[in-house]
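Here is the structure we will look at.
Numbering (the working numbering), first residue to last: 27 to 625.
Put into C-alpha cells, the structure is as follows:
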C-alpha cells in the first residue's frame, strides 16, 4: 500500500550547482596602415552568515554529539522542523565531506527569509555554525609579462578593450590567425605561437629577399631610400610591421617577459605580401584565398587554414571586383576578414580594402577613447579599437614585438606604434577569442556580436566610428557556448534505479567540441518508473558542477520521457558528462533506459 506523499519524509537529494565560471600609395599598391595593471582580485569566501545576506543554500555544521551530525534522516527532519517554524522552504540536500549538512532554501529567497532561517539554526544548541553556500568564480590573474603595465589598450578602464575579463573563458586556443603583412622577423616572445605561412610577393623589386614566391615568410626588412617609392616620399627604415601586428594578437603570455597577446592561445600564420614600397593587389588576393583554405595555382595547399585574417594595410580607390571576390571566397569558407580603416583622416569610402563588403573595418581610438586624429571614419566603419596616438607621449601608443634593425634584422625589442594598423589586430584577436569560445560562429555572427556588445566611445568621434569601442569580455561572454548545432551524444546503456535512496550515474563522453557548452543545452531523458514523483534528476558537468533537472514532487504518474534545457555556457563542452538519478522514497523502482546531450 502506498504511503501518502504528504507523509513521506524526503531522503537525500543531490547537490545543486556548486560553482560557475565567469567567468580589448597608388590605387594598385597597398601600404601598411600605420600612423598600470589592475591587481588580481582573488575572492575570499565569507565564513559566517551576516544579517541580510542573500543566499539560496546554507551549510550547517552540527556539534559532534548531535544526532543530525551523523544521520541524514535526522538532518532532514531538522530542516523540516525549522521550515515549519519559519514558514520558509528548507530542504536537506546532502552531507558534505566535512560532515556538515547542505540545505536549500527554495526558489529566490529574500534577505529577510534567509535571516529568519539563519536565526533558527543559530538558536539551536546542537548547531555549531551556519554559513552561506557562496558562489565563487575564478578571477583572471594579471599576467607576469614584464611590459604588461604599459599595455593600457588591454586593461585601462577608460579606453582599454577589457581583454583580461575574456581570458577566464578563452585565450584563443584552436584558432589560427593569418597576418597578411610584411612577414615575420624572429622574436622569442612570439615564436611559440608561429605556424607555417607563405611569401606571396612575386615581384623581386618588392620582395627584397632576392626571389619570388616561396614558403619562407621571413621579413628581410622593407626600408627604402628617399624618392625610391615615389617623388617626394622621404626615406624610411624597416618597419617590421607584420611582427608588431602579430604580437598584439598572440604574443606569448604569462612567460615572465615582454608583452601579453590578446589571443595568446591562438596561432599566427605569417603571410607576406608587403615589401619595399608596399604590395600589389594581385599578391594580396592570392594571400587571402590561400590563408582561408582556397587553392592558388603553383602554391602548396595550406595546412594552417586561418579562421581569422588580419589585414593592416590599404590603398586608395574603390574596392575592386577582384579583391571583393577574394574576400567573399574567404568569408564563404568561414574566415573572418578584419581590415584597417586607414590613416588619412578621411571617409573610409575612399580606402580599399576597408570599403569592401564582408569585412570588419576598424577605426582607431586614442588613450582617452576618442577617434585618433589620423583615423579614417564614416558609415563603412564597423567598430573601433585602441590604435594609440603618440603626439603627446610615446607611451600613448600600442606596445608590441619588434626588431631594432634599421634595414636588416638585428636584435629583437619592443616599441610603441600608432595607427589603424594597431587597432585592427585588437579586433582580429577578439575574433579569435570568439571563435575559440564558440567554434560554430560564422563570420557574420562574429561581426554582429562584436557590434552588439561594443560600448559607447568614452570620447568623441566625428564622422562615425561604427558600433563603438570593442569590448572583449562582454563579447566573449555573449557568445560562449552559442546555440545548438544539432550534434548529439547519447548513452543507451540501461541502468537500474534502486529503491534504497542511492543515486546512480550514467556517463556520456563529449569530444571534438570547441569552447563551452551552449546556453540552451538539450538534455533528453528516458526513464521507466512507476511513480516519477520520487525521482530527483541532475546533470553533472565535467568539472563536477550539477544542474537540477527535476526535483521530487507529489506526482504519481509513470515514467520520465522528456527533454530539459540547461544553460551550460559556463562549462567546457568536452569531457565526461553524467546524468544522476535518485529515487528518494520506498516501494517503487525503475530504469534509466538512456539519455542524450544535443549541442
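Here a beta-carbon is modelled for each residue, glycine too, at the ideal position from N, C-alpha and C.
In chain order, what residues of the same chain have a beta carbon less than 7 Å from the beta carbon of residue i, not counting five sequence neighbours either side?
i: residue 128; result: 41, 83, 85, 119, 120, 122 and 159
i: residue 264; result: 247, 248, 249, 431, 432 and 433
i: residue 115; result: 109, 131 and 132
i: residue 354; result: 384
i: residue 601; result: 536 and 568
i: residue 316; result: 224, 322, 325 and 328
i: residue 518; result: 620
i: residue 170; result: 280 and 282
i: residue 372; result: 402
Given a threshold of 16 other Cβ atoms within 10 Å of its Cβ, counted over all protein chains shown, does residue i qualify as buried or as exposed?
i: residue 452; result: buried
i: residue 526; result: exposed
i: residue 94; result: buried
i: residue 626; result: Any question about residue 626 goes unanswered here, given that the chain covers just 27 to 625.
i: residue 438; result: buried
i: residue 134; result: exposed
i: residue 81; result: buried
i: residue 397; result: buried
i: residue 124; result: exposed
i: residue 571; result: buried
i: residue 380; result: buried
Near residue i, which residues of its chain fall below 8 Å by C-beta distance, leaving aside the five closest residues on each side in sequence?
i: residue 530; result: 521, 522, 523, 524, 606, 607, 608 and 618
i: residue 509; result: The predicted position of residue 509 is uncertain, since its pLDDT is 41 and thus under 50; no value can be drawn from it.
The alpha helix (DSSP H) with residue i in it runs from where to where?
i: residue 453; result: 446 to 463
i: residue 316; result: 307 to 317
i: residue 180; result: 178 to 181
i: residue 501; result: 498 to 505
i: residue 148; result: 137 to 149
i: residue 350; result: 347 to 358
i: residue 96; result: Counting along the chain, residue 96 falls outside any alpha helix (DSSP H), and DSSP gives it neither H nor E.
i: residue 474; result: 469 to 478
i: residue 232; result: 230 to 233
i: residue 274; result: 267 to 276
First and last residue of the beta strand (DSSP E) that includes residue i?
i: residue 534; result: 529 to 536
i: residue 555; result: 547 to 555
i: residue 440; result: 438 to 443
i: residue 412; result: 409 to 412
i: residue 521; result: 521 to 523
i: residue 202; result: 202 to 207
i: residue 389; result: 386 to 391
i: residue 157; result: 153 to 158
i: residue 609; result: 601 to 609
Just to confirm, is the Cβ distance from residue i to residue j under 7 Å?
i: residue 297; j: residue 454; result: no
i: residue 285; j: residue 292; result: no
i: residue 533; j: residue 604; result: yes
i: residue 498; j: residue 189; result: yes
i: residue 367; j: residue 387; result: yes
i: residue 574; j: residue 581; result: no
i: residue 208; j: residue 268; result: yes
i: residue 205; j: residue 299; result: no
i: residue 427; j: residue 216; result: yes
i: residue 404; j: residue 489; result: yes
i: residue 178; j: residue 393; result: yes
i: residue 374; j: residue 406; result: yes
i: residue 301; j: residue 233; result: yes
i: residue 311; j: residue 352; result: yes
i: residue 626; j: residue 318; result: Past the edges of the chain, shown from 27 to 625, lies residue 626, and the structure says nothing about it.
i: residue 309; j: residue 228; result: yes
i: residue 545; j: residue 479; result: no
i: residue 332; j: residue 203; result: yes
i: residue 245; j: residue 211; result: yes
i: residue 89; j: residue 146; result: no
i: residue 493; j: residue 477; result: yes
Just confirm the distance between the C-beta atoms of residue i and residue j, as a whole number of angstroms; I'd bet it's less than 8 Å.
i: residue 460; j: residue 502; result: 6 Å
i: residue 547; j: residue 625; result: 7 Å
i: residue 463; j: residue 542; result: 6 Å
i: residue 560; j: residue 614; result: 6 Å
i: residue 238; j: residue 230; result: 6 Å
i: residue 412; j: residue 184; result: Not confirmed; about 10 Å, so no contact.
i: residue 540; j: residue 465; result: 4 Å
i: residue 566; j: residue 590; result: So it is not a contact: roughly 13 Å between Cβ atoms.
i: residue 496; j: residue 446; result: With 8 Å as the limit, residue 496 and residue 446 do not qualify as a contact, their Cβ atoms being about 13 Å apart.
Cβ-heavy atom distance between residue i and the ligand COA below 6 Å?
i: residue 577; result: Only the bare structure without any ligand can be found here, which leaves the ligand COA out of the picture.
What does a CB cutoff of less than 6 Å around residue i pick up in its chain, not counting 5 residues either side in sequence?
i: residue 377; result: 340, 368 and 402
i: residue 87; result: 126, 154 and 155
i: residue 435; result: 211 and 429
i: residue 357; result: 384 and 469
With 7 Å set as the bound, which would you pick, yes or no: does the beta-carbon of residue i sit closer than that to a beta-carbon of chain B?
i: residue 267; result: Checking the listed chains, one finds no chain B in this structure; it contains a single protein chain.
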